[in-house]
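Okay, so here's the structure we're looking at.
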Amino acid sequence: MTWSPLVNQIPGSMEMSPLQRIASLLYRAVRRLSILDVTRLMHLPPNAGESLPVADGYEIRALPAGELRELIASQRVDTRVGDPGRLYDGRHALVVALRNDRVVSYVWFAHECVEASDNFSRASHLGTSIDLPDGSAFVYNAWTDPEHRGRRLIAAILSFAVRHRVAGACALLTSIDWTNGRSIRAFEHIGMISLGTVVRFGWGPLQVSLIPRRAQSLGVRVGAGAPGLKFAC
Ligand SMILES: CC(C)(COP(=O)(O)OP(=O)(O)OC[C@H]1O[C@@H](n2cnc3c(N)ncnc32)[C@H](O)[C@@H]1OP(=O)(O)O)[C@@H](O)C(=O)NCCC(=O)NCCS
C-alpha cells in the first residue's frame, strides 16, 4: 500500500520526515470529523522483554481494586486512571509505578478480548475490537505523569507484567494512534514491534477497514464486529 511507508516508520514525532509531518497534519484535521482512525498495531512476542529494570526510586506493582480506590480517595493517583470496578471482572489488571506512595505511571491490561468501544483513538464508532489468543494480553490506557516522563517507566511496567504473567500474559499487544510517536517509542523500548496499521474509515454502517494480515497469522482477530467492508493488507 502506498501509505505504508508514511505511517509505519514513525519512531517519534520529533523525527518525522517533512512528508510524514504533512500526512500527520492532514490526518489530525480529518480525524476531527470523526471519520478516520489510523492506529499502529504493536506486538511483544512471548517471553520477550522480561528483564527490564525500573529507574531508581520507583516501585512497580499490580494494584487490586481496593487499593486503587484508596489511592483515588487520597488523591495519590491521577483522576483519569479509570474505574476500579473493572478490576473485579477477572479480565482486567492494572500495573503502576509508584514514587513516594504516589502513582506516577500506569498501564491497564485485558485478556481474552477488548471491546470496540474500549479501543479507539478519537471516534468511538470507529473503535476496533481485538480477540486475543491464549497467553496474550492487550495493553491500554498507558500514562506517565509529565514530571516523570522519559524514564522508561512504561517499558518497566510492561516488563513487570510479562514477568509476573499479569492478565495471564506472556505476549502483549496494543494499538496506538499512528501520530503518537512518544507512545510508540515507549512501547518500542521493551521490544514491541509493529504488526502493521489498522485503518478504519467511515460512519455508522458505511465503513471500510484495512486490517494487517500479520495479526491474523498470530491468531489475533482484529475488528471482527466492524461493519462495512474489510480488507486484509
Ligand atoms: C506516551 C507516554 C505514556 C510515555 O511514557 P514515558 O514513561 O515517558 O515513556 P518513555 O520514558 O519510554 O519515553 C517515551 C518517549 O517520550 C519522549 N520523552 C522523553 N522525555 C520526555 C519528557 N520529559 N516529556 C515528554 N516526553 C518525553 C521521548 O520521545 C521518549 O522516547 P526516547 O527516550 O526514545 O526519545 C507519556 O508520554 C504519556 O503519558 N503521554 C500522554 C498519554 C498517552 O499518549 N498515552 C498513550 C496512549 S496509548
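The sequence shown maps to residues -12 to 220 in our numbering.
In this text, a Cβ means the ideal position worked out from N, Cα and C, and glycines have one as well.
>> Is residue 168 a contact residue of ligand 1, with contact defined as CB to any heavy atom under 8 Å?
In response: yes
> For residue 220, does the three-state DSSP call read helix, strand or coil?
Replying inline: Coil.
> Is it true that the region 137 to 149 meets the region 38 to 54, where meeting means three or more beta-carbon pairs spaced less than 8 Å apart?
Replying inline: Because the criterion of three Cβ pairs below 8 Å is met, the region 137 to 149 and the region 38 to 54 touch.
>> Only counting the same chain, and skipping five residues up and downstream in sequence, which positions put a Cβ closer than 7 Å to that of residue -11?
In response: Its pLDDT being 40, under 50, residue -11 is placed unreliably in this model, and the value from its coordinates should be taken loosely. Around residue -11: no qualifying Cβ.
> Would you call residue 66 buried or exposed, if buried means 16 or more other Cβ atoms sit within 10 Å of its Cβ?
Replying inline: exposed
> What did DSSP end up calling residue 138 once you bin it into helix, strand or coil?
Replying inline: Residue 138 falls in the coil class under three-state DSSP.
> Any idea if residue -8 is buried or exposed, counting beta-carbon neighbours within 10 angstroms, 16 or more meaning buried?
Replying inline: With a pLDDT of only 48 at residue -8, under the threshold of 50, the placement of this residue in the model should not be trusted; the figure read from the coordinates follows. Its Cβ having fewer than 16 others within 10 Å, residue -8 is exposed.
> Under the rule that 16 or more other beta-carbon atoms within 10 Å means buried, what is residue 206, buried or exposed?
Replying inline: exposed
>> On the DSSP letters alone, give me the boundaries of the beta strand (DSSP E) that residue 196 sits inside.
In response: 193 to 198
> Would you say the region 122 to 132 touches the region 87 to 103, given that touching needs at least three Cβ pairs under 8 Å?
Replying inline: yes
>> On the criterion of 16 or more Cβ atoms from any shown chain inside 10 Å, does residue 32 qualify as buried, or is it exposed?
In response: Exposed is the label assigned to residue 32, since fewer than 16 other Cβ atoms lie within 10 Å of its Cβ.
> When you compare only the Cα positions, how much space is there between residue 103 and residue 162?
Replying inline: 12 Å
> Hey, how far is the Cα of residue 60 from the Cα of residue 193?
Replying inline: 44 Å
>> Which residues does DSSP list as the beta-bridge partners of residue 180?
In response: Answer is 30, bridged to residue 180.
>> Suppose you measure from the CA of residue 125 to the CA of residue 10; what does that come to, to the nearest Å?
In response: 28 Å
>> For a test of the three-state rule: what should DSSP assign to residue 0, helix, strand or coil?
In response: Because residue 0 sits at a pLDDT of 45, beneath the cut-off of 50, its placement in the model cannot be relied upon, and the point is left open.
> With DSSP run on the structure shown, which of helix, strand or coil describes residue 107?
Replying inline: Correct three-state label for residue 107: coil.
> Is the beta carbon of residue 186 sitting closer than 9 Å to the one on residue 81?
Replying inline: no
> Cα-Cα, which of 156, 177 and 213 is closest to residue 111?
Replying inline: If you compare the alpha carbons of 156, 177 and 213 with that of residue 111, the shortest gap goes to 213.
>> Just to confirm, is the Cβ distance from residue 160 to residue 79 under 9 Å?
In response: Not in contact: residue 160 and residue 79 (Cβ atoms no closer than 9 Å).
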